[in-house]
Ligand code: B12
Ligand code: B12
Ligand code: B12
Ligand SMILES: C[C@H]1O[C@@H](n2cnc3c(N)ncnc32)[C@H](O)[C@@H]1O
Ligand SMILES: C[C@H]1O[C@@H](n2cnc3c(N)ncnc32)[C@H](O)[C@@H]1O
Ligand SMILES: C[C@H]1O[C@@H](n2cnc3c(N)ncnc32)[C@H](O)[C@@H]1O
Ligand SMILES: [Mg+2]
Ligand SMILES: [Mg+2]
Ligand SMILES: [Mg+2]
């Protein structure tokens, strides 16, 4: 099958189960922004390929899991409210993020201030992914009653906190610089 | 001439031919998002500088062409409906994307599933560019009657498919990892 | 204190001084987009870590300063109109951008045309940051009367010009390719 069908050239597209909607439908905006978050997580992964440290595999596995669950979030968003979601988002997916945050955070200094995003390119990518996840969260708020599963917003909310901790954790292990904000300038 | 003029500090700016519009006009949003797509394609190019393989130049040329045509798309979007567009987008620009997709796709395994965006940093950047091109496409839908040339939406639609294939093609040549989605987790 | 509080899981959040607003409030969209710009500047910084040239520290300092001032911009956007802003944006922050643009621009060839964003990964990241800063600027236009300090729009307007010059300046010093647009294709 060809990747391009030309059937979306007039501005309409299909949800799961086939319902046609305009491409600027808020649902499409929402799962499109999850796709963008997913791709930026992929950028972080791509920046880790040539690095080695004990515990690297745990980070990679966690990021692959995030990518996978973002397809579950996407399925929730792309399925009309009256149809069954085939890849259901579950409470355990949020629990898993929280457990990982708690475990990684133990190694990190406690923060009393904002930090300037930077350090290793993988960490910097995770900061960018964090801000795109927050954009995705904002779009889901605009869905109103079209969003039936409240776990979607919880997951996206926790995801940006996970990505913040992941950025710091990568910098900690790879010697990436973490600068606190200084406002007295 | 100075790059900054301060004339846009009050929130208005100029289209081609000089008409003043607010910076949050849907036209400005549309060509601004093309500019963002263009810059992310530039990120992909920047990640290829130190790589070598037979056929690399063909990829670089295709990406430079995309950047050039995005300025044509931008010109279509920044020209008021009653004026002549000076850099016209043509059907042959879409045909060229399709031919390139078809040629590159021959080397790639057929997909039966979504893939997790990642691999080489250039490929990951192309995945991100793909999702920004789709955002640009969504904005053009919101332009309604302000968008007179239907080729703009066709081009942006095909562009995201091209960028998907380009990401896979770069990973194929540079040994970037391509993981299929597994939803049984 | 834990990074995640779960209190935003229902779609509301707090401004500075505590007022609750929906997460898709235009203020939140505005400072969220500044956070995204900030993170992409961090990506540029992360790509400079392994480079050396005389004058590198000046570029790093200027980018750290931009990140710091973006928190001031964020504070302006996150403070309700009837409350005092604690990290005030000042005219001197804009002056500083202009002075840096003027100084760096002297080393660069004058442009008679658009350029294709690319070159060194840090420069490419600065081009992307430039387009996100412009997106942030567009969101602030949508704030209407909620935006009381006119310096916010001036700063964001100048910031995208600064980031354009910074991208060119980094390419100039690191031998990154700068291609002019050719529309005769
Ligand atoms: C929603 C959706 C998306 C969402 C994903 C939603 C989510 N779950 O997160 C997003 C925006 C991410 C997306 C992206 C893309 N999509 Co899409 N998507 C769909 C849609 C509407 C539903 C898919 C879905 O989630 N199904 C839910 C599951 C439970 O049902 P399923 O039928 O078993 O799903 C299977 C297939 O749909 C998919 N699949 C099967 N063959 C292929 C082939 C390709 C190339 C791809 C990418 C997927 C794919 O794998 C799933 C099995 O695990 C389908 C069209 C449709 N109505 O089915 C298109 C569809 C699968 N997408 C398609 C395409 C081309 C893409 C993109 C390449 C577009 C682009 N240029 O960016 C990307 C690929 C992203 C990636 N990383 O691989 C095409 C695939 C055409 C083909 N067979 O070659 C389809 C069929 C639409 C079409 N043109 O008709 N998509
Ligand atoms: C639409 C537009 C854009 C769109 C592009 C639309 C598209 N086609 O895709 C986008 C959003 C991408 C854009 C970006 C920028 N733009 Co602009 N843009 C314009 C605008 C309104 C029309 C340009 C156009 O497409 N003309 C269509 C062609 C057919 O007409 P043309 O007159 O022959 O176009 C020539 C020049 O406009 C341009 N050019 C000539 N000198 C210079 C100098 C510079 C520095 C640049 C960037 C371009 C440029 O090259 C074209 C010849 O091929 C002009 C203002 C105006 N009303 O003309 C500003 C203008 C060209 N832009 C300007 C600037 C500063 C920029 C940015 C640097 C802003 C930023 N900080 O990001 C970037 C540069 C991006 C890049 N990669 O080079 C300035 C240039 C000032 C100067 N001479 O130094 C102008 C004149 C606006 C102004 N301030 O008055 N822009
Ligand atoms: C607005 C805001 C933002 C804006 C920034 C606005 C700006 N100025 O540019 C943005 C969107 C960037 C943001 C991002 C984040 N934020 Co915030 N933010 C706030 C908010 C509402 C106001 C902060 C502010 O600007 N205060 C203005 C100054 C003048 O007042 P201040 O009280 O002295 O500010 C101090 C602290 O707020 C902050 N601080 C103190 N302890 C900690 C701990 C952490 C982990 C962080 C990040 C900050 C922080 O440092 C300031 C001193 O310089 C507060 C909640 C609140 N109502 O106070 C949350 C808050 C500070 N943010 C929080 C979090 C978790 C984050 C993010 C990690 C979220 C994410 N996942 O992305 C990021 C971190 C970004 C970074 N680079 O460090 C938490 C911190 C919880 C904690 N103590 O562990 C808070 C308290 C909200 C909450 N959950 O209750 N945020
Ligand atoms: C840390 C601060 O970030 C803001 N906040 C909470 N959620 C989002 C989001 N999705 N996008 C942008 N900003 C957000 C709130 O003001 C919070 O207190
Ligand atoms: C692959 C799937 O992506 C969705 N789709 C089509 N066009 C866009 C776009 N511009 N942005 C986001 N999603 C889109 C449709 O649901 C399509 O079937
Ligand atoms: C260089 C050109 O970019 C456009 N322009 C000005 N400000 C913005 C912005 N925030 N976003 C997108 N485009 C903008 C105007 O058309 C200007 O002339
Ligand atoms: Mg949150
Ligand atoms: Mg499409
Ligand atoms: Mg401007």
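Chains as they are written, first to last, in the working numbering: chain S, 17 to 201; chain F, 17 to 201; chain L, 17 to 201. For each residue, glycine too, the CB sits at the ideal point set by N, CA and C. Please read these numbers as outputs of a predicted model, since none were measured by experiment.
Query                                                                                                                                                                                : Result
Kindly indicate which three-state DSSP category residue 196 (chain S) falls into: helix, strand or coil?                                                                             : strand
Taking the alpha carbon of residue 28 (chain F) as the reference point, which residue from F:41, F:196, F:20, F:19 has its own alpha carbon closest?                                 : F:41
From which residue to which residue does the beta strand (DSSP E) around residue 82 (chain S) run?                                                                                   : Taken as a continuous stretch (DSSP letters only), residue 82 (chain S) belongs to no beta strand (DSSP E), being part of the alpha helix (DSSP H) at 72-94.
Could you please give the first and the last residue of the uninterrupted alpha helix (DSSP H) stretch that includes residue 164 (chain S)?                                          : Taken as a continuous stretch (DSSP letters only), residue 164 (chain S) belongs to no alpha helix (DSSP H), as it is neither H nor E.
Please compile the residues from chain S whose C-beta is within a distance smaller than 9 Å of the C-beta of residue 15 (chain L).                                                   : An answer regarding residue 15 (chain L) cannot be provided, because it is not within the stretch 17 to 201 covered by chain L.
Please report the straight-line C-alpha distance between residue 189 (chain F) and residue 68 (chain S), rounded to a whole angstrom.                                                : 23 Å
According to the neighbour-count rule (16 or more other Cβ atoms, all chains shown, within 10 Å of its Cβ), is residue 150 (chain L) buried or exposed?                              : buried
Going along the chain, which residues of its own chain have a beta-carbon closer than 7 Å to the beta-carbon of residue 60 (chain L), five neighbours each way excluded?             : 79, 138, 141, 142, 145
Looking at ligand 8, does it come within less than 7 Å of residue 40 (chain S), judged from the CB to the closest heavy atom?                                                        : no
Does the Cβ of residue 176 (chain L) have 16 or more other Cβ atoms within 10 Å, making it buried, or fewer, making it exposed?                                                      : buried
Work out the CA separation of residue 71 (chain F) and residue 46 (chain L) for me, nearest whole Å.                                                                                 : 43 Å
Quick one: what's got a C-beta closer than 7 Å to residue 57 (chain L)'s C-beta in the same chain, skipping five residues either side?                                               : 79, 82, 83, 145
Is there a Cβ of chain L sitting closer than 8 Å to that of residue 87 (chain F), yes or no?                                                                                         : yes
Taking the straight line between their C-alpha atoms, what separation do you get for residue 105 (chain L) and residue 135 (chain S)?                                                : 26 Å
Going by the C-beta, is residue 24 (chain L) closer than 7 Å to any heavy atom of ligand 4?                                                                                          : yes
How about residue 185 (chain L) and residue 123 (chain L): are their beta carbons less than 8 Å apart?                                                                               : yes
Is residue 56 (chain F) near ligand 1 - that is, is its Cβ less than 7 Å away from at least one heavy atom of it?                                                                    : no
With the cut-off set at 8 Å, would you say residue 197 (chain L) and residue 117 (chain L) are in Cβ contact?                                                                        : no
Tell me residue 38 (chain L)'s beta-bridge partners as DSSP assigns them.                                                                                                            : L:28
Hey, would you say the C-beta of residue 48 (chain F) is under 7 Å away from at least one heavy atom of ligand 6?                                                                    : yes
Given this structure, state the Cα-to-Cα distance separating residue 162 (chain S) from residue 86 (chain F), to the nearest angstrom.                                               : 34 Å
Under the assumption that residue 54 (chain L) contacts residue 133 (chain S) (Cβ atoms under 8 Å), give the Cβ distance between them as a whole number of angstroms.                : 6 Å
Could you tell me if residue 18 (chain S) is buried or exposed, where buried requires 16 or more neighbouring beta carbons within 10 angstroms of its beta carbon?                   : exposed
Exposed or buried, which one is residue 102 (chain F) when buried takes at least 16 other CB atoms within 10 Å?                                                                      : exposed
Going by DSSP, which residues form a beta bridge with residue 132 (chain L)?                                                                                                         : L:195
Return the chain-ordered list of same chain residues with a C-beta closer than 8 Å to the C-beta of residue 148 (chain S), the five sequence neighbours on each side being excluded. : 49, 52, 53, 56
Return the residue from the list F:192, F:109, F:171 that minimises the CA-CA distance to residue 199 (chain L).                                                                     : F:109
Quick one, which of S:39, S:21, S:32 has its alpha-carbon nearest residue 100 (chain S)'s?                                                                                           : S:32
Can you have a look at residue 22 (chain L) and say buried or exposed, based on whether 16 or more other CB atoms are within 10 angstroms of its CB?                                 : exposed
Residue 134 (chain F) touches chain S at which residues, Cβ-Cβ below 7 Å?                                                                                                            : 58, 61, 62
Can you have a look at residue 98 (chain S) and say buried or exposed, based on whether 16 or more other CB atoms are within 10 angstroms of its CB?                                 : exposed
Can you pull the chain L neighbours of residue 39 (chain F), defined as C-beta to C-beta under 7 Å?                                                                                  : 153, 154, 157
How should residue 164 (chain S) be labelled, buried or exposed, when 16 other C-beta atoms within 10 angstroms of its C-beta is the threshold for buried?                           : exposed
From residue 126 (chain S) to residue 191 (chain S), what does the alpha carbon distance come to, in whole angstroms?                                                                : 17 Å
Identify each residue in the region 101-113 of chain S for which the Cβ-Cβ distance to at least one residue of chain L is less than 7 Å, and report them in chain order.             : none
Closer than 8 Å, CB to CB, is residue 196 (chain F) near chain S or not?                                                                                                             : no
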